[in-house]
Every structure is written in C-alpha cells, then in structure tokens.
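First residue of the sequence shown? That's 130 in this note's numbering, and the numbers climb one at a time after it.
Backbone N, C-alpha and C fix where the C-beta goes; we use that ideal spot for every residue, glycine too.
This report refers to the structure that appears directly beneath it.
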Amino acid sequence: MTKKIIGMTIGGIILLFLVLGIARSRQREEVPSIAKIQAREGIPVLAATVGRHDVRQTRDFYGTVRAGRSVNVSAKLMDRIAEIPVHEGDRVSEGRVLVKFDTTASQASVVQLRLAMESARKDYERLQTLYDKGAVSRQQLDQVKLGYDIARENYLNAHRSVELAAPISATVARIDVNEGDFVNPGDILMELVDTRSLEVEFELSQEDRANLRGGQAVRVRLDGQVVEGRITHVSLSTRPGSRLFNAYATVSGSDHLYPGMLATVQVTLRERKEALAVPREAILDRGKGPFVVVVADGIAHLQPVRIGLQGEQFVEILDGLSGGETVATYGHANVEEGDRIKIVEEGQR
C-alpha cells in the first residue's frame, strides 16, 4: 500500500513538470521576435520631408586672440610709485588715473617748471606789447613765443607725470610694477588693451585661402560662447618656412575674450541658397554610391541620388529627388527595398 502511494505521488510530480514544461514551451512560442514585429508593423524610423534649405559648407580654424589696439603706459620721470588705484582686468575710461607717484620729489620739479613757464609767459606778453608798438621784430617775438611754448609743454608733462592717466578707454591687461617701486623714465608700468575690438589670427592653406575674402562674416567660439566677427584681411604670401597664410578676423561685443586665448573661427567656405536638400543623416552609401530611403505608403524604396554641396546640417541634392518626398533620417541603416516602415516622427527640417 505504501509503495502504491509513493508511486502515485511520484507520478503526479512528473505529470506536473510535464504540464509546466509544455506551458513554458507554448509561452516561448507565443513571444514574437523583433524581426517578426518589424515585419508585421514596420521598421521604426525618424523621417523628414525633402525641401529647400540654405546649405553651408563650413570649416573650423584654430587661432589666437590678439589685441586690435593696445597701449603701454610708461613712466615720464624717475620717481617712486605711491599708489596704483586700478587692478588687472579693470575697465578704465580715458583720463582715469592709473598710477600716482610720490609727490615729495615730483612736486618740487613741477613747481620749478611752473615758475619757468610763468616767467616765459611774462616775457612773451611783454614782447607782444612791444611788437604791437613796432619796437621789436616779428622774429624776436617768435623766438620768445617758442621759449614759452617749450616751458609750458615741460610743465604740463611734469604735471601729468605725477599722476599717469589712461590715454584711451580700455581694459587693464597687465600691471608690471608694485606700489613702492622706483621707476625710471621709459619704464613700462602697465598695458592697456581695447577689448571692444579684438582680432583672431589663424592660419589657412592655399586651397582655403581662395575661398576667403575681406569682410566675410565668421563665427568665433570660445568656451561655449559664440560671437560674430568678420575677416579683415588675408596675407598675400605664406609664412616663412611654411605653406600657410595668415588670416585675421575682428570680433567685438565680448567680455570674455582676452589676448592670448585660443579660439575657433568658423568660416563659411561655400553656400547654396534655397537648394533642394535633405538632412545629412538621410544619406547612406553601401559602396555603390549615395542613396536615400524614400518612404511611400509605409514601404521603403532605396533611391539613388547625386549630391552637391555638403553642409553641416543639409546635403544638396542635384538629381534623384524632386521635393516633397519623405526620407528616413534615423533607424534606416539596414533597411532594404520593400521593407515595411513605421514612421515614429516626421517633420520639415
């Protein structure tokens, strides 16, 4: 009896496993493959409508930012620097005081020059009166006036040397001295750079030079910032020891460009206005020439095309399409002629 019960139990377990195995097998058979799903519902793709677009062929060149205008501020007299009321990076207006000198020694020199100027002025005024009366010649008057002009200029220069002011509105790019330093005439104290008008210098080949001209618009990129600029000039000869030409582009209106920085200059080499074009992603080539996947009534048709200018976003179509067709732009790399297609997103790009 016990053996009979054990046998029935084992048989039930075996039967249960058989039923479960059959059920799982049927479940596996009922789950369709991706290929079957695509054959039934279509291969999912992104698509765009063929239309007319401006096609631009651009090229990036790497260059260095340079100052379009810079000024070195130099000492006029031998003296000690008392104060530098500006810092590197400050924007200063023309006439703003940049450096103040120790007035103890400088002021004495200024006083002496002022006295000399006043003495020369009195001499000139006295001779002017005599000249008006016909007592002295014109030559004598001119000599005295020249002496007065020189004395006046010496005084003004000395007065300006006590406090050096900005000769232009610009940015303080570099300060080469410290408060307390003794300086001599001609020593460079700081550099001012007009950052409102900078230029980028870059190199280009003979082939690229033929496509550039003065006044051509460019885009300059630096650390994610994009500013507009224009080509000012391109050198007529190559650099010594190379076959490259120098080109220069001016940029303005940027607070983040400074001399010495590296920048990317994007130049439009060629352009087609309102050309029949497709997105770059639409073009495929499997070794037999370029083609696109035209989707009509949910079916793929591999359409050979003849392409023209290739831009960043669009490719010009010279032959093979007439406009208005729907072409796949993503998910179509392995599509074959006659495949069923399911467009999941479409738009006029």
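DSSP three-state label for residue i, please.
| i | result |
| --- | --- |
| Val291 | helix |
| Thr258 | helix |
| Gln186 | strand |
| Gln269 | helix |
| Ile428 | strand |
| Ala404 | strand |
| Ala211 | strand |
| Leu285 | helix |
| Arg399 | strand |
| Ile297 | coil |
| Ser381 | coil |
| Leu386 | coil |
| Ala249 | helix |
| Ala196 | strand |
| Gly309 | coil |
| Lys205 | coil |
| Ala376 | strand |
| Ala280 | helix |
For residue i versus residue j, is the C-beta distance shorter than 8 Å?
| i | j | result |
| --- | --- | --- |
| Lys417 | Asp183 | no |
| Thr187 | Leu398 | yes |
| Asn283 | Leu242 | yes |
| Ile485 | Val421 | Residue 485 cannot be examined here, being either before or after the span of the chain that is shown, 130 to 478. |
| Ile470 | Gly437 | no |
| Tyr260 | Leu270 | yes |
| Ser326 | Thr367 | no |
| Ile446 | Val407 | yes |
| Arg198 | Ala404 | no |
| Glu308 | Ala211 | yes |
| Ala302 | Leu227 | no |
| Phe443 | Arg409 | yes |
| Gly449 | Arg435 | yes |
| Val322 | Val349 | no |
| Leu386 | Val194 | yes |
| Val291 | Val221 | no |
| Leu351 | Ala392 | yes |
Just grab the DSSP bridge partners of residue i for me.
| i | result |
| --- | --- |
| Asp414 | Pro419 |
| Thr455 | Thr178 |
| Arg243 | Note: Arg243 sits in no beta bridge, so no partner. |
| Asp448 | Arg435 |
| Arg303 | Glu320 |
| Arg220 | Thr300 |
| Lys471 | Pro173 |
Quick one: using the 10 Å Cβ neighbour count with 16 as the cut-off for buried, is residue i buried or exposed?
| i | result |
| --- | --- |
| Asn463 | exposed |
| Val355 | exposed |
| Ile213 | buried |
| Gly224 | exposed |
| Glu474 | exposed |
| Thr74 | In this structure the chain extends from 130 to 478, so residue 74 is not present and cannot be described. |
| Thr458 | buried |
| Phe311 | exposed |
| Thr258 | exposed |
| His461 | buried |
| Asp208 | buried |
Using a Cβ-Cβ distance cut-off of 8 Å, determine whether residue i contacts chain B.
| i | result |
| --- | --- |
| Thr397 | In the displayed structure, chain B is absent; only one protein chain is listed. |
### Query
Can you list the beta strand (DSSP E) stretches of 3 or more residues lying completely in the stretch 313–368, in chain order?
317–322, 327–333, 346–351, 354–363
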